[in-house]
Amino acid sequence: MRIYDGSPRQNYEEVLRSIGAFLDQRGMREILVVEAPDGFVVQGLIVDTASVGTWSEHIGQQSKETFTFLDDDIARFMEEGHARRDNVQRAVTWGEAGYYEHAFRVVGRYIDEQKPRDIFFFEQDGAFVLRLLMGTQTGSRHAIAEFTREEVEAMIGQAPDFRGQKAKPQPRA
């Protein structure tokens with residue numbers, strides 16, 4: 085969320101975690117996330133298994149879905165996530181956090197440490213490629229980082245150890 089209009093976004097860890105929870109609920113895969121001035125555009129693949137047909141037809145059809153989440157939507161997602169995690173009964177109803185909620189959280193933690201002006205990233209086969217717009221004394225430049233599936237899973241496994249500390253993930257440059 086932006087604290088002041090035009091300021092850098094604050095707390096990518098929680099923002100991306102809440103988007104990840106939404107993606108887990110939708111069953112989306114191969115995600116693309118683009119930051120916009122007033123929120124995020126998120127695109128991913130989803131398999132529609134509701135199609136009815138004969139046994140020889142496809143079990144499900146894959147399609148691409150695109151969502152635009154404004155800052156107000158993100159704020160609502162974050163409140164719902166906090167309520168879900170703080171309430172045992174809701175956690176039972178909603179189930180455990182899924183892969184994207186965990187993965188986006190640790191990627192968001194890395195992004196927070198970089199302090200970018202905005203972000204763009206996509207997933208391919210479980211790996212994440214990030215393009216961060218960084219402010220420098222001479223202007224702006226893009227920085228690229230990549231996390232393999234194994235690196236993301238290791239970061240997820242280490243996340244409880246980092247709570248209250250700075251994480252030190254090692255992305256590929």
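Residues 85 to 257 in the numbering used here are what the sequence shown lists, from first letter to last. For glycine and all other residues, C-beta sits at the position ideal for the given N, C-alpha and C. Keep in mind the model is a prediction, meaning the values are calculated, not measured.
| Item | Value |
| --- | --- |
| Beta-ladder partner(s) of ARG113, from DSSP | LEU129 |
| Spatially closest choice to GLN109 from ASP122, ASP156, PHE161 and GLN221, by CA coordinates | PHE161 |
| Pair within 8 Å by beta-carbon distance, VAL131 and VAL125 | no |
| 8 Å contact criterion, which LEU216 and GLN198 should meet: CB distance rounded | 6 Å |
| Residue range of the beta strand (DSSP E) that includes ALA229 | 223–231 |
| Residue burial classification, ARG101 (beta-carbon count within 10 angstroms, cutoff 16) | buried |
| Cβ neighbours of GLY182 in the same chain (closer than 6 Å, five flanking residues each side left out) | ASP108 |
| Reference ARG193; option with closest CA among HIS166, ALA120, GLU230 and MET239 | MET239 |
| Burial state of LEU214, where buried means 16 or more other Cβ atoms lie within 10 Å | buried |
| Buried versus exposed, by CB contacts within 10 Å (16 or more), HIS186 | buried |
| Sub-8 Å separation of ASP122 and LEU154 beta-carbons | yes |
| Spatially closest choice to GLU98 from TYR184, PHE231 and VAL236, by CA coordinates | TYR184 |
| Residue burial classification, GLU207 (beta-carbon count within 10 angstroms, cutoff 16) | buried |
| Residue(s) in a DSSP beta bridge with PHE124 | GLU119 and PHE153 |
| C-alpha gap between ILE158 and THR222, whole angstroms | 32 Å |
| Run of the alpha helix (DSSP H) containing ALA211, from where it starts to where it stops | First-last for ALA211: 211–220, but that is the beta strand (DSSP E), not the alpha helix (DSSP H). |
| Counted within 10 angstroms of its Cβ, other Cβ atoms place ALA167 as buried (16 or more) or exposed | exposed |
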